[in-house]
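Q: Heads up: the sequence lines are chains A and B, in that order.
The first sequence begins at 0 in our numbering and counts up by one.
The second sequence begins at 0 in our numbering and counts up by one.
Cβ coordinates follow ideal geometry from the N, Cα and C atoms, glycine included.
Pasting a structure here, questions to come.
There are 2 protein chains.
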Amino acid sequence: MKAKVYVTLKSGVLDPQGKAIQHSVGLLGYEGVADIRQGKYFEIALDPALDSARARETAERMARDVLSNPVIEDYRVEVE
Amino acid sequence: MKAKVYVTLKSGVLDPQGKAIQHSVGLLGYEGVADIRQGKYFEIALDPALDSARARETAERMARDVLSNPVIEDYRVEVE
Chain A
0 MKAKVYVTLK SGVLDPQGKA IQHSVGLLGY EGVADIRQGK YFEIALDPAL DSARARETAE
60 RMARDVLSNP VIEDYRVEVE
Chain B
0 MKAKVYVTLK SGVLDPQGKA IQHSVGLLGY EGVADIRQGK YFEIALDPAL DSARARETAE
60 RMARDVLSNP VIEDYRVEVE
């Protein structure tokens, strides 16, 4: 069982890393790039013995308590 | 128009950061976590004037040439 966790900065939070990438791709000649924001992505392999509800609960708890900073970041969890 | 780029380490490549997180969640008492791998995630806002094919082409090229290191990383692009 596999969980994917996406962590992104909340919309009001400045993202200097994203801005630096946006500036660089502009210098490199890419056109039409209005904004870039960088986030984090985690692939979590869970014990196949866990049932689906238990796996989602573990992944959600891990995303909220360990993988993201709820003050400045949002997270999204997919379990498959 | 929005593109999402997911960059992950190729499967044979060691991921010390993922291993460190896995070790930590083990110490914190999370059970059933077999493996964690960390990747990067980019949200790219593209000029709405670009048509869909052009937007995908720009995002693919950016993912391949700027956002990922093709020696050790894979990337995936979604345009919506």
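1) Scan the segment 28-68 of chain B and note each continuous beta strand (DSSP E) run of 3 residues or more that stays entirely inside, going in chain order.
2) Could you tell me the boundaries of the beta strand (DSSP E) in which residue 80/A lies?
3) Counting contacts by CB-CB distance shorter than 7 angstroms, is residue 71/B in contact with chain A?
4) Would you verify that the beta carbon of residue 56/B is, or is not, closer than 7 angstroms to some beta carbon of chain A?
5) Run the CB neighbour count on residue 27/B, radius 10 Å, all protein chains shown included, and call it buried at 16 or more, exposed below.
6) Since residue 2/A sits in a beta bridge, which residues does DSSP pair it with?
7) So for residue 26/A, helix, strand or coil by DSSP?
8) Quick one: using the 10 Å Cβ neighbour count with 16 as the cut-off for buried, is residue 24/B buried or exposed?
9) Would you call residue 38/A buried or exposed, if buried means 16 or more other Cβ atoms sit within 10 Å of its Cβ?
10) With distances taken between CB atoms, is the gap from residue 8/A to residue 31/B smaller than 7 angstroms?
11) Where residue 45/A and residue 10/A are concerned, what is the direct C-alpha to C-alpha distance, given to the nearest angstrom?
A: A quick look at the data gives this:
1) Runs of the beta strand (DSSP E) lying entirely within the segment 28-68 of chain B and spanning at least 3 residues, in chain order: 32-45.
2) This structure leaves residue 80/A out entirely; chain A is present only between 0 and 79.
3) Taking Cβ atoms only, chain A never reaches closer than 7 angstroms to residue 71/B, which makes this a no.
4) Taking Cβ atoms only, chain A never reaches closer than 7 angstroms to residue 56/B, which makes this a no.
5) Around the beta carbon of residue 27/B, fewer than 16 other beta carbons lie within 10 angstroms, which makes this residue exposed.
6) Paired residues: 43/A, 78/A.
7) Note: residue 26/A maps to helix in three-state DSSP.
8) Under this definition residue 24/B is a buried residue.
9) Buried, by the Cβ-count rule.
10) Not a contact, by the Cβ cut-off of 7 angstroms.
11) A direct Cα-Cα distance of roughly 30 angstroms separates residue 45/A from residue 10/A.
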